[in-house]
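Comments concern the structure below.
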Amino acid sequence: MTEIRYMNRPEAKAYLDWVYPAPYEFYNIPAAVHAVEMDNIFADDGDDYYSVLENDELIGMYEFSFPNGVMEIGLGLAPAYTGAGRGRAFVQAGIDFGRQRYHYAGPITLEVADFNARARHLYEALGFKQTGTREADAYGTPVTFVQMKLDQ
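Under UniProt numbering, the sequence shown is numbered contiguously, ending at residue 152.
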């Protein structure tokens, strides 16, 4: 049984400790910034973090925010669950949860690292379209994020 709930501190720590193998190690959050990221997760800044659990095991996370009134979703599957065919249902469940939780029926945006072809393909299969790119620095690593939007 899947449960989605506000992320608590033990779940946030587990999430921050996730270690992805190459070529996805970009998503590993350096231990040196865990305290800052923990503060970000629990800040009262309009971003809401949720844990996704199966049988009390943390298998993923969702983050929702509303820049300019448009729902933006951030999401991640725990490393043990990536590449196993779960992505489509996981992303759709996040979209459905966000729409219901926030009583939201408008477009949804997200960003994905440009090198992550697997995720980009999944988002396109779900109807997301590329709207632009954004250059960023993620923990000292330059990255291009592909901005995507789902019109619904």
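Built from N, CA and C at the ideal position, the CB exists for glycine as well.
Go ahead and label residue i buried or exposed: buried means 16 or more other beta carbons lie within 10 angstroms of its beta carbon, across all protein chains shown.
{"i": "T82", "result": "buried"}
{"i": "Y139", "result": "exposed"}
{"i": "A43", "result": "exposed"}
{"i": "V52", "result": "buried"}
{"i": "M1", "result": "exposed"}
{"i": "G69", "result": "exposed"}
{"i": "E11", "result": "buried"}
{"i": "residue 163", "result": "This structure cannot settle anything about residue 163, because the visible part of the chain is limited to 1 through 152."}
{"i": "residue 154", "result": "A query on residue 154 cannot be resolved here, the shown segment of the chain reaching from 1 to 152 and no further."}
What residue from the options has the CA that sits closest to residue i's CA?
{"i": "A93", "options": "M38, L110, L75, G106", "result": "L75"}
{"i": "V91", "options": "I73, H103, Q100", "result": "I73"}
{"i": "E111", "options": "Y49, I59, G85, F145", "result": "F145"}
{"i": "I59", "options": "P21, I4, P67", "result": "I4"}
{"i": "D114", "options": "Y104, M148, D96, V36", "result": "M148"}
{"i": "T141", "options": "K129, P30, D48", "result": "P30"}
{"i": "A80", "options": "Y6, V19, G98", "result": "V19"}
Please report the residue range of the alpha helix (DSSP H) in which residue i lies.
{"i": "R99", "result": "87 to 101"}
{"i": "L77", "result": "Per DSSP, L77 belongs to no alpha helix (DSSP H); it is in the beta strand (DSSP E), 71 to 77."}
{"i": "Y15", "result": "9 to 16"}
Within the continuous beta strand (DSSP E) that includes residue i, where are the two ends?
{"i": "F42", "result": "Segment 34 to 42 is the alpha helix (DSSP H) holding F42; no beta strand (DSSP E) there."}
{"i": "G60", "result": "57 to 65"}
{"i": "T2", "result": "2 to 6"}
{"i": "residue 154", "result": "Outside the shown range of the chain (1 to 152) lies residue 154, about which nothing can therefore be said."}
Our contact map puts residue i next to residue j with C-beta atoms below 8 Å; I'd like the distance itself, whole angstroms only.
{"i": "R88", "j": "L126", "result": "7 Å"}
- Query: Can you list the beta strand (DSSP E) stretches of 3 or more residues lying completely in the segment 112 to 145, in chain order?
  - Reply: 129 to 138
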